[in-house]
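Chains A and B supply the protein sequences, listed in that same order. Counting in full-length UniProt numbering, the first sequence runs from 1 upward without gaps. Counting in full-length UniProt numbering, the second sequence runs from 1 upward without gaps. Ideal Cβ placement from N, Cα and C applies to all residues, glycine included. Beneath this line is the structure, given in structure tokens, with notes to follow.
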Amino acid sequence: MNAVLQAQGLGRKYGRRWALRECTIDLPAGHVVGLVGPNGAGKTTLLKLASGQLEPTAGTITVLGGRPAGGPPQLARVGFVAQDTPVYAGLSVADHLRLGERLNLRWDAAMARDRIATLGLDPAQRAGRLSGGQRAQLALTLGLAKRPELLLLDEPVASLDPLARREFLQGLMEATAEHEFSVVLSSHLVSDLERVCDFLIVLVDSRVRIAGEVDRLLATHYRLTGARRDPDRLPADQHVVCARHTARQSTYVVRTDGPIHDPAWTVTRLGLEDLVLAYMDQDTVDRRAALEVRR
Amino acid sequence: MIWLTWRQFRGSAATTAALLVVLAVVLALTGPRLAADYSAGIAACTQDGTCDRFYDRFFGGHETPFVGLTLVVLLLPALAGLFWGAPLISRELEAGTHLMVWNQSITRSRWLAVKLGLMGLTAATFAGLCGLMVTWWSDPLDKSAAENLALMAPLVFGARGIAPMGYAAFTFVLGVTAGMLVRRTLPAMALTLAVFAAFQLAMPLLVRPHLMPPITSTFELGKTNVDSIGINRDQGGFVQILLKSAVPGHGGAWVLSADLVDASGRTVGTGGEGAVRISTTSGPCAPSAAGGDRCIAEINRLGYRQQATYQPLERFWPFQWIETGIYALLTLGLSWLCFWWIRRRLS
């Protein structure tokens, strides 16, 4: 399949701080991609670069083969629901649908109306008076009715309660099933993404740690527990993601394509959350080490 | 896009339009009577030559609405900049809605073009209408005003004719630019007001006097250009003359500077004030001589003159066009900056 998003050495600086750097990814079409990382890791920056809201400082990015926000046709192909799902507080729900209809090249008016009706939103109500969940649903409706080939969602559920979260993600899943399009969805909580994503990008400290299909990630990561051992005594095809040592015991999270034969290890599979945490942990370990060296 | 602009703008546009209609009705009801009073008064005063007194009385009787309307026209452009211009982009940025609207299938340039075009034209039209209405209404008062509130006077000039249109368009785009650069509404409004005020001060002080080369000429002293004379008997006697900012034969001229010069053309005194050496113990300037008229005639005979640099009233409309043109160019320049910035630099 062709790529929906290709980035080559992509970087973006705010002042002197890199919000995202050396980002090289290739997202195949037809996936629901989860973009996960701690706050301030660069998720929003990456999505804004993909939607054309930001220009890159370094590297290149192509979305669906075109330059982000390169003109009305490109804008029409990419939907973007920004963080905190902004809508015009003074305009009514119906006004927002009209806005979408007037400002878009293709617009699925019937779908938008149906969605609003199914959600039980009053078209005459001002968007400023909607609850957080309703507002997010309205913003998602605007994004969906555009009938994009790629929909970017930046922390759409961050401010929602658990029930609204589930409804939102369910609505998104139904839409992806009905109209085939790709989704990139960011969150700092893996639990949000676990249910819906089949592709994962872990972004930590403005760098991409790992990107891949969820099934494949789960199949290639193991936790090894056993007697204390130095990392350089592990086989060469096992990449250490994170390591912890006590006086007698070592715990490693490794990535490997091959099976693990060493009987000294207790081998366990990782859940998605543990996997992501392992990558984040690696970062904190690195940072702690750097601090100790400085002392 | 036009629909969205109208949908978001119609509330404040309708309110402003309603206020303008109220103003128009009030002016239309009172204007004709004002004009009739004026022509009746002029007809009466030309017979007995008391027109100076009539002007003072007539203007004094309507000074409050005159000053009030002038201020309204002067402030209207500032309001367009503060409440329409400054929030245009900064409020989108504050609420994050730019991320929503700029991701519909419409480029930011087009979004900005429609917003700037429609709202800027509305602002200019409203200010222009208001300016022309007030110009029509206050015409009799402008004719009777003293020189410091005449049509060419700095304060009044900007509130008459077509200049308000230029100011409004400029201030609106200035507000948009400030909002885009500062990215927050309140500081953008403050900045807009400060820059607009600076322009409104700099224009009459530095630019407007030189829009056309001013005329410099000398005039005999007389009632029109002498404010007061003070007869002083100390130091061998001299007469202190204080000149008015007016020149005889060119009513309503904007006098940029006026000095007293002697027969050889040298300036006497400074800032429209000068002392003339003349006997104050005998002759026409002695206290025994009745009235100052003969004293002034004697001073004229000795060759003292008023030398004034001024812009005559006939240049009112040329100046209006030139100044509006300057503001139109400034508006275009700022608009270009807005388009460049929104494409290249913003977010």
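With distance defined between alpha-carbon atoms, name the residue in A:G271, A:T225, A:D122 nearest to E194 of chain A. A:G271
Determine which residues share a DSSP beta bridge with L203 of chain A and list them. A:V208
Under 8 angstroms, Cβ to Cβ, is there at least one residue of chain B near D108 of chain A? Output row for D108 of chain A: interface = no.
In its own chain, which residues sit with a C-beta less than 7 angstroms from the C-beta of P72 of chain A, not counting the 5 before and 5 after it? L105
Helix, strand or coil for Y304 of chain B? Go by DSSP, reduced to three states. coil
Answer yes or no: does any C-beta atom of chain A fall closer than 8 angstroms to that of M1 of chain B? yes
Contacts of S51 of chain A in chain B (Cβ-Cβ under 7 angstroms): N103
Touch check for the stretch 69 to 87 of chain A and the stretch 238 to 256 of chain A: three-plus C-beta pairs under 8 angstroms? Fewer than three Cβ pairs drawn from the stretch 69 to 87 of chain A and the stretch 238 to 256 of chain A lie within less than 8 angstroms of each other, which leaves the two stretches out of contact.
Which residue marks the beginning of the beta strand (DSSP E) containing P32 of chain B, and which one marks its end? Not the beta strand (DSSP E): P32 of chain B falls in the alpha helix (DSSP H), residues 2 to 48.
8 angstroms Cβ cut-off: residues of chain A touching G96 of chain B: A82, Q83, D84, P86, listed in chain order.
In three-state terms, what does DSSP make of Q137 of chain A? helix
Report yes if the C-beta distance between S105 of chain B and A76 of chain A is below 8 angstroms; otherwise report no. yes
Within chain A, the residues that T216 of chain B reaches when beta carbons sit closer than 9 angstroms: Per Cβ cutoff of 9 angstroms: no residues; T216 of chain B is ~56 angstroms from chain A at best.
Selection from A:R244, A:I61, A:E149, A:V196 that minimises the alpha carbon distance to Q170 of chain A: Looking at the Cα atoms, A:V196 is the closest of the given residues.
Outcome for R345 of chain B when other beta-carbon atoms lying within 10 angstroms are tallied against a minimum of 16: exposed
May I have the straight-line CA-CA distance separating R294 of chain B from A275 of chain B, to the nearest angstrom? Between the C-alpha atoms of R294 of chain B and A275 of chain B there is a straight-line separation of about 17 angstroms.
P28 of chain A: first and last residue of the uninterrupted beta strand (DSSP E) it sits in: 17 to 28
So what's W102 of chain B in DSSP terms, helix, strand or just coil? coil
Report the three-state DSSP secondary structure of A159 of chain B (helix, strand or coil). coil
From the DSSP output, in three-state form, read off K146 of chain A for me. coil
F181 of chain A lies in the beta strand (DSSP E); which residues open and close that run? No beta strand (DSSP E) contains F181 of chain A, which DSSP labels as neither H nor E.
Beta-bridge partners of F80 of chain A, as assigned by DSSP: F80 of chain A pairs with A:L152.
Reduced DSSP category for D227 of chain B - H, G, I as helix; E, B as strand; rest coil: strand
Spell out whether any CB of chain A is found under 8 angstroms from the CB atom of L88 of chain B. no
Between which residues of its own chain and G272 of chain B is the CB-CB distance below 6 angstroms, once the five residues before and five after are set aside? L243, A258
Are at least three pairs of beta-carbons, each pair with one atom in the stretch 84 to 93 of chain B and one in the stretch 176 to 187 of chain B, less than 8 angstroms apart? Yes, the stretch 84 to 93 of chain B is in contact with the stretch 176 to 187 of chain B.
So, are the CB atoms of S206 of chain A and G30 of chain A less than 8 angstroms apart? no
Mind checking which residues open and close the beta strand (DSSP E) that includes Y252 of chain A? 249 to 255
Which of the three DSSP states, helix, strand or coil, is assigned to C130 of chain B? Shown here, C130 of chain B sits in a helix according to DSSP, grouped into three states.
Kindly indicate if chain A contains any beta-carbon less than 8 angstroms away from that of R7 of chain B. yes
Helix, strand or coil for T281 of chain B, going by three-state DSSP, please let me know. coil
Would you check if the distance between the CB atom of L46 of chain A and the CB atom of V87 of chain A is smaller than 8 angstroms? No; because the gap between Cβ atoms is not below 8 angstroms, this pair is not in contact.
Extent of the continuous alpha helix (DSSP H) to which C51 of chain B belongs: 51 to 61
Please return the same chain residues whose Cβ sits closer than 6 angstroms to the Cβ of D142 of chain B, not counting the five positions on each side in sequence. L151
Helix, strand or coil at D259 of chain B according to DSSP, with G and I counted as helix: strand
Could you tell me whether any Cβ in chain B is nearer than 8 angstroms to the Cβ of G133 of chain A? no
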